[in-house]
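Protein chains in written order, with my numbering: chain A, 1 to 187; chain B, 1001 to 1553.
What follows is a set of notes on a single structure, which appears directly below.
Shown next, in the form of structure tokens:
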């Protein structure tokens, strides 16, 4: 009985060590390479914030509000900023269906070329709702990693998608806090 | 026993409800200040308590709004003020609308309707001159008194609201492009989150400078030089002379009536006063009370009236210093009847008579309104703006204030009555108003919201007078809006709180509909004061579509 207990204890410690090492490995090893293409799903204003963050992180990035598959030329990562802006869509002369079609083409091309996708949700609570949620549900499952400002994930909507699709997930308090995980995510 | 009956009736003041959209009337006995930020309303109330009159309190509140709601109004914007002087029983209007710089080129809009470069969007500011003109002529306090609270707010800061944060995020591109990453209008280069502390020490220093040197500092001094430099660095054409020549103007109020009520608002260069009177003149011909507030019949008829009003707007309205406007004809009951006779009861028209009308319709729900009544019954109804939220996004060096982008209010059509001319004032939709019932002040009202202003205010008035709603019920009630362009009807925008049945009936009538948020700031953020003399009570209503707040005493 004592032997079984001891074996179980060793096994438990072994598992903890393995899991911990794995987690450390995941968080320590970068998932993405440069250069990166930044675009939005929903024509939101946060795309500019993503660009400022990339600049501050010292990343070689290109911003394109209306990115198409040909913009993936020479790119090694796509950063997709999630969240629908009615104002942004209106100003661009797009409706949700057209915007989804555009992003879909980019994501499909990226999949073909094995270019990984990093999703950001920076708009908080204001960038949730039926339109935004439709875009999040459509494109987040293709991501390798998601970095999310907490107020946009109050009921765990984004967490659940990440768990279901095994996507590395980082939640931060505010936009400026995205900088550290963003830096760490890139080689 | 008798003493019990002789005691004056206490006013039961309830705490504001946790749900900010639930109608709530602020209560006062002597005076009331309603504004788009609680700190600004408090500043105005303090001025009233310190013995200032309504004009002193209005200017105090306006300065305080520059510090607490800087994205909607400020010293480098413009607007209109309707003043009622109780002892003289006189109403006057102070017009401090911005003016186009004298060297402005004829064509400033590109094919997409944008003004480029951005510096060309900045007009010569009128707000500071207008506030101080009113203060000197009708107030009792000095510049130091009326800026004290604004300086405190700017220095100490306050927690950013959901509204502030959302607008800050929406306007991020403009702010970072024009004001840079280091501006106080961003938090370390990123938008403010709700609860973050917003401070503006540079604005505090600017206000102190104006107090010590007078407003000539802004129009002729070092601040004027900084304004001109900032505008022209962004491709604008403003000169020091443009600023030095700016003067507010005072004119008589525009008068109209609706049923037993008399309304006073502002004449052109705002279209607001004309149109609100027009709408009410038209509505007066229909049994709206019988139809009910959210009924398809009411919405249909109101929208048809609006489409005719927009046709008139495009045909006649502009700066009266440069064109002749048939104001009396437009606000006549006869003109209203002509319009009524053309409206079908169950379907929209295909065509609304027009001259020319540009397609341009801004989605922005900008601007800000202040309502004030003091103990002696003096009243101020003040609407002012820097145009789009965060204006042009340009902040003159180390000044902390945002420059307007009011040039967007000109028409891009060179043949329009609202065409751009050097030193002319662009057409506005602001409609600050005071309504009287049997010659006694009854309702003070105004709102931001671009071209939705006069539509939203007419709906609030009808909600109170015809649908017997309380003040804040009337303000919070679901809103709708439409217009006509090139003579054709546009979709009806409706807040999502209207029933499916109503929406379906409107569609069956032939209207296209667009559903917006349940409480959408697209329709404005109205502030109102209702004076119930018989009940010896003053009610304040502040719109939850923005951060409206009332303070009574």
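Built from N, CA and C at the ideal position, the CB exists for glycine as well.
Is the Cβ of residue 59 (chain A) closer than 9 Å to any Cβ of chain B? No - not a single Cβ of chain B is within 9 Å of the one on residue 59 (chain A).
Excluding the 5 residues preceding and the 5 following residue 1444 (chain B) in the sequence, name in chain order all residues of the same chain whose CB lies nearer than 6 Å to its CB. Here the set comprises 1371, 1379, 1381, 1434 and 1529.
Which of helix, strand or coil DSSP assigns to residue 68 (chain A): Coil, per DSSP.
Rounded to whole angstroms, what's the CA-CA distance from residue 1344 (chain B) to residue 1475 (chain B)? Just pull it up for me. In a straight line, the C-alpha of residue 1344 (chain B) is about 28 Å away from that of residue 1475 (chain B).
What three-state label does DSSP hand residue 1516 (chain B) in the structure shown? It is a strand residue.
From residue 1512 (chain B) to residue 1348 (chain B), what distance separates their C-alpha atoms? Between residue 1512 (chain B) and residue 1348 (chain B), the C-alpha separation is close to 10 Å.
Of all the residues that make up the stretch 1167 to 1179 of chain B, which are near chain A by a beta-carbon distance shorter than 8 Å? If the cut-off is 8 Å between Cβ atoms, the stretch 1167 to 1179 of chain B has 1169, 1170, 1171, 1172, 1173 and 1176 near chain A.
I'd like to check one pair, residue 1188 (chain B) with residue 176 (chain A): are the Cβ atoms closer than 9 Å? In contact: residue 176 (chain A) and residue 1188 (chain B) (Cβ atoms closer than 9 Å).
Min CB distance residue 125 (chain A) to chain B below 9 Å: It does; some Cβ of chain B falls within 9 Å.
Determine whether the Cβ of residue 39 (chain A) lies closer than 9 Å to any Cβ atom of chain B. It does not: the Cβ of residue 39 (chain A) has no partner Cβ on chain B nearer than 9 Å.
Please list the partners that residue 175 (chain A) has in chain B, where partner means a Cβ-to-Cβ separation under 8 Å. Residues of chain B whose Cβ lies closer than 8 Å to the Cβ of residue 175 (chain A) are, in chain order, 1190, 1191 and 1193.
My understanding is that residue 1455 (chain B) touches residue 1097 (chain B), with C-beta atoms under 8 Å, so please give their C-beta distance in whole angstroms. Their Cβ separation, rounded to whole angstroms, is 21 Å, which puts residue 1455 (chain B) and residue 1097 (chain B) out of contact at 8 Å.
Report, in whole angstroms, the separation of the C-beta atoms of residue 147 (chain A) and residue 172 (chain A), which I expect to be a contact under 8 Å. For a cut-off of 8 Å, the C-beta gap from residue 147 (chain A) to residue 172 (chain A) is around 7 Å, short enough to register as a contact.
For residue 162 (chain A), does the three-state DSSP call read helix, strand or coil? The three-state reading of DSSP puts residue 162 (chain A) in helix, counting H, G and I together.
Does the beta carbon of residue 1545 (chain B) sit closer than 9 Å to a beta carbon anywhere in chain A? Interface annotation, residue 1545 (chain B): not in contact with chain A, CB-CB separation never under 9 Å.
What does residue 1181 (chain B) reach in chain A if we use C-beta pairs closer than 8 Å? 52, listed in chain order.
Buried or exposed, going by whether 16 or more other CB atoms sit within 10 Å of the CB of residue 1144 (chain B)? Per the 10 Å Cβ criterion, exposed.
Top-ranked residue by Cα proximity to residue 1551 (chain B), from B:1019, B:1024, B:1018 and B:1034: With distances taken between Cα atoms, residue 1551 (chain B) lies closest to B:1034.
Alpha carbon to alpha carbon, how far is residue 122 (chain A) from residue 1402 (chain B)? Give it in angstroms, no decimals. The C-alpha of residue 1402 (chain B) lies about 25 Å from the C-alpha of residue 122 (chain A).
Using 8 Å as the threshold, is the stretch 1414 to 1425 of chain B in touch with the stretch 1100 to 1118 of chain B, meaning 3 or more CB pairs across them? Enough Cβ pairs lie closer than 8 Å, so yes.
Start and end of the beta strand (DSSP E) containing residue 1523 (chain B)? Run containing residue 1523 (chain B): none; DSSP gives neither H nor E here.
Near-chain B residues of the stretch 89 to 108 of chain A (beta-carbon distance less than 8 Å), N- to C-terminal order: Flagged, chain order: 90.
Could you pull out every unbroken alpha helix (DSSP H) segment of at least 4 residues lying fully inside the stretch 1120 to 1197 of chain B, listed in chain order? Unbroken alpha helix (DSSP H) stretches of 4 residues or longer found wholly inside the stretch 1120 to 1197 of chain B: 1127 to 1138, 1143 to 1156, 1162 to 1170 and 1172 to 1178, given in chain order.
Alpha helix (DSSP H) containing residue 90 (chain A): first to last residue? Counting along the chain, residue 90 (chain A) sits inside the alpha helix (DSSP H) bounded by residues 86 to 92.
Quick one: Cα of residue 1260 (chain B) to Cα of residue 1297 (chain B), how far? In this model, residue 1260 (chain B) and residue 1297 (chain B) are separated by some 24 Å (Cα to Cα).
What is the DSSP secondary structure of residue 1441 (chain B), counted as helix, strand or coil? DSSP places residue 1441 (chain B) in strand when its eight states are reduced to three.
Mark residue 1177 (chain B) as exposed unless 16 or more other C-beta atoms lie within 10 angstroms of its C-beta, in which case mark it buried. Around the C-beta of residue 1177 (chain B), fewer than 16 other C-beta atoms lie within 10 Å, and the residue is accordingly described as exposed.
Other residues of its chain near residue 1405 (chain B): CB distance less than 7 Å, five sequence neighbours each side excluded: Same-chain partners within the cutoff: 1121, 1122, 1387, 1388, 1391 and 1392.
Could you check whether residue 179 (chain A) and residue 56 (chain A) sit closer than 9 Å to each other, using their CB atoms as the reference points? Yes.
Please classify residue 22 (chain A) as buried or exposed, where buried requires at least 16 other C-beta atoms within 10 Å of its C-beta. At residue 22 (chain A), the pLDDT of 48 sits below 50, so the modelled position is not reliable; the number obtained from the coordinates is stated separately. Around the Cβ of residue 22 (chain A), a 10 Å sphere holds fewer than 16 other Cβ atoms; the residue is exposed.
Within its chain, find whatever has a CB closer than 8 Å to the CB of residue 1554 (chain B); leave out the 5 residues flanking it on each side and keep chain order. No answer is possible for residue 1554 (chain B): the residues shown for chain B start at 1001 and end at 1553.
What residue range does the alpha helix (DSSP H) around residue 54 (chain A) cover? DSSP places residue 54 (chain A) in the uninterrupted alpha helix (DSSP H) bounded by 46 to 56.
With DSSP collapsed to three states, give me the class of residue 1352 (chain B). If DSSP states are grouped into helix, strand and coil, residue 1352 (chain B) belongs with coil.
Run through chain B and tell me which residues come within less than 9 Å of residue 131 (chain A), C-beta to C-beta. For the C-beta of residue 131 (chain A), not a single chain B residue is nearer than 9 Å; the gap to the nearest is close to 11 Å.
Just to confirm, are residue 1303 (chain B) and residue 1482 (chain B) a CB contact at a threshold of 9 Å? For residue 1303 (chain B) and residue 1482 (chain B), yes; Cβs fall inside 9 Å.
Pop quiz: residue 1385 (chain B) and residue 1100 (chain B) are said to be a contact at Cβ under 8 Å. What is the actual Cβ separation, rounded to whole angstroms? That belief does not hold up - the Cβ atoms of residue 1385 (chain B) and residue 1100 (chain B) are roughly 16 Å apart, past 8 Å.
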